[in-house]
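Numbering (full-length UniProt numbering), first residue to last: 1 to 367.
All residues carry an ideal CB built from backbone N, CA and C; glycine is no exception.
One structure is given below, encoded as structure tokens.
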């Protein structure tokens with residue numbers, strides 16, 4: 001199976017299945033002397049772990065990451081950094097009823113056709129359980145970026161047709177405080193309450209709903225990204241589209257920009273610090289990226305998630321013999337994935353920025 005690694009210089013490889021003994025990640029290319037705070041890694045995993053609230057899956061996992069290599073006396077050594085996260089609360093019997101059936105909008109059919117075998121217990125490698133390994137790796141990337149003054153914030157900005165107002169604060173610490181004050185992880189308190197009530201009603205109806213996550217990256221230096229195939233926004237798009245249930249990505253003005261005229265959309269340069277190397281723009285429709293390269297402004301993007309495919313209602317489907325049958329979801333599943341996906345979005349963004357930062361530094365080191 002290919003496609004288990006991500007990144008160029010700061011490169012991760014994840015392993016493990018949803019109902020296997022453990023999942024984990026190997027990070028190659030992490031620089032030495034990065035301070036590693038295991039409490040911070042755990043706090044990141046806690047934001048993704050199941051069983052957090054009434055609007056998330058009730059699977060119980062402590063998601064405690066054990067560092068196996070690459071760290072000595074609290075700092076990275078520059079060697080491959082390996083982490084493993086045990087699976088503790090698998091209920092494989094919850095999936096026995098679908099071992100020969102294809103769940104609508106899951107990877108069951110495509111997986112079976114591609115490999116000739118599939119792990120029906122939670123989906124195997126196609127399960128969102130794998131993203132815990134990405135979050136652990138993302139915590140290391142965030143620690144690297146924090147030393148360079150780069151910080152990432154994401155929150156739930158939409159659920160179904162409910163949309164939060166645009167963020168008015170650029171203070172990431174303040175935004176984090178507002179986000180973590182509610183179980184849906186929306187930085188607008190009034191909208192958060194509306195989202196929570198709506199998701200809970202969807203859960204009680206045995207259905208699911210999609211949502212949107214908005215993100216901002218501050219402190220990215222000018223020059224990260226490449227102008228052709230490795231554009232910064234293209235790599236961010238790949239990172240986000242590789243997250244389970246993601247169906248859309250936009251940066252800056254996104255699709256709304258296609259309705260504007262150039263005279264409205266152009267970001268006008270200004271020089272408030274009288275420094276030609278630190279220009280700013282009056283607007284930020286570019287989302288902090290121009291020509292695939294960071295321009296020093298905040299990088300902004302939004303990610304759209306589809307409704308979780310497993311619903312607690314009877315649906316028509318096909319079994320492996322090609323016969324029409326019925327299927328009903330069982331087990332523990334999220335009615336809406338976005339509250340737990342916020343930290344996954346941040347993690348994947350951190351991996352992209354860390355990778356491009358190290359590539360950029362290596363380029364300048366050879367000049």
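> Using CA coordinates, which residue listed in 55, 137 and 211 is at the minimum distance from residue 249?
Replying inline: Numbered from its first residue, the chain shown carries residue 249 at position 249. If we check each option's Cα against that of residue 249, 211 comes out closest.
> Does the stretch 311 to 327 come within contact of the stretch 27 to 47, defined as at least 3 CB pairs closer than 8 Å?
Replying inline: no
>> Given this structure, state the Cα-to-Cα distance separating residue 261 from residue 247, to the nearest angstrom.
In response: Numbered from 1 along the chain shown, position 261 holds the residue referred to as residue 261. Numbered from 1 along the chain shown, position 247 holds the residue referred to as residue 247. Between residue 261 and residue 247, the C-alpha separation is close to 27 Å.
>> Per DSSP, what are the beta-bridge partners of residue 314 in this structure?
In response: As a first step, residue 314 must be located in the chain shown, where it is residue number 314. 328, per the DSSP bridge assignment.
> Is there contact here, the stretch 114 to 129 with the stretch 150 to 163, by at least three beta-carbon pairs under 8 Å?
Replying inline: no
>> Please report the straight-line C-alpha distance between residue 173 and residue 245, rounded to a whole angstrom.
In response: Locating residue 173 in the chain shown gives position 173, where the first residue counts as 1. Locating residue 245 in the chain shown gives position 245, where the first residue counts as 1. Cα-Cα distance, rounded: 28 Å.
> Excluding the five sequence neighbours on either side, which residues of its own chain have a C-beta within less than 6 Å of the C-beta of residue 49, listed in chain order?
Replying inline: Position 49 of the chain shown holds residue 49. Once the five neighbours on either side are set aside, the close Cβ partners of residue 49 are 61 and 63.
> On the premise that residue 286 lies in contact with residue 252, defined as a C-beta separation below 8 Å, what is that separation, rounded to the nearest angstrom?
Replying inline: Along the chain shown, read from residue 1 onward, the residue named residue 252 stands at position 252. Along the chain shown, read from residue 1 onward, the residue named residue 286 stands at position 286. Going by Cβ atoms, the distance from residue 252 to residue 286 rounds to 5 Å, so yes, they are a contact pair.
> Which runs of the alpha helix (DSSP H), 4 residues or longer, sit entirely within the stretch 13 to 93?
Replying inline: 38 to 48
> Can you find a CB in chain C that lies within less than 8 Å of the CB of residue 240?
Replying inline: Of the protein chains in this structure there is only one, and it is not chain C.
>> Which residue wins for smallest C-alpha separation from residue 68, given the options 104, 6, 141 and 27?
In response: Sequence index remark: in the chain shown, residue 68 carries index 68 (1-based). Among 104, 6, 141 and 27, the Cα nearest to that of residue 68 is on 27.
> Do the stretch 349 to 365 and the stretch 211 to 226 touch if we need at least three Cβ pairs shorter than 8 Å?
Replying inline: yes
>> With H, G and I counted as helix, E and B as strand and the rest as coil, what does DSSP make of residue 102?
In response: Here residue 102 refers to the residue found at position 102 of the chain shown. The answer is coil: DSSP assigns residue 102 none of H, G, I, E or B.
> What is the rounded straight-line gap between the Cα of residue 166 and the Cα of residue 82?
Replying inline: As a first step, residue 166 must be located in the chain shown, where it is residue number 166. As a first step, residue 82 must be located in the chain shown, where it is residue number 82. Those two C-alpha atoms are separated by around 39 Å.
>> Could you compute how far the alpha carbon of residue 215 sits from the alpha carbon of residue 181?
In response: Here residue 215 corresponds to residue number 215 of the chain shown, with the count starting at 1. Here residue 181 corresponds to residue number 181 of the chain shown, with the count starting at 1. Rounded to the nearest angstrom, the two C-alpha atoms are 18 Å apart.
>> What does the alpha-carbon distance come out to for the pair residue 138 and residue 344?
In response: By one-based count along the chain shown, residue 138 stands at place 138. By one-based count along the chain shown, residue 344 stands at place 344. Those two C-alpha atoms are separated by around 8 Å.
> Any idea what DSSP makes of residue 124, helix, strand or coil?
Replying inline: Counting from one through the chain shown, the residue named residue 124 turns up at place 124. In the structure shown, residue 124 sits in a helix (DSSP, three-state: H, G or I).
> What's the gap between the Cα of residue 88 and the Cα of residue 179?
Replying inline: By one-based count along the chain shown, residue 88 stands at place 88. By one-based count along the chain shown, residue 179 stands at place 179. Cα-Cα distance, rounded: 28 Å.
> So residue 23 packs on residue 85, CB below 8 Å; how close in whole Å?
Replying inline: As a first step, residue 23 must be located in the chain shown, where it is residue number 23. As a first step, residue 85 must be located in the chain shown, where it is residue number 85. Correct: roughly 5 Å between the Cβ atoms.
> Rounded to the nearest angstrom, how far is the Cβ of residue 298 from that of residue 288, given a contact under 8 Å?
Replying inline: Numbered from 1 along the chain shown, position 298 holds the residue referred to as residue 298. Numbered from 1 along the chain shown, position 288 holds the residue referred to as residue 288. Residue 298 to residue 288, Cβ: 5 Å. Contact.
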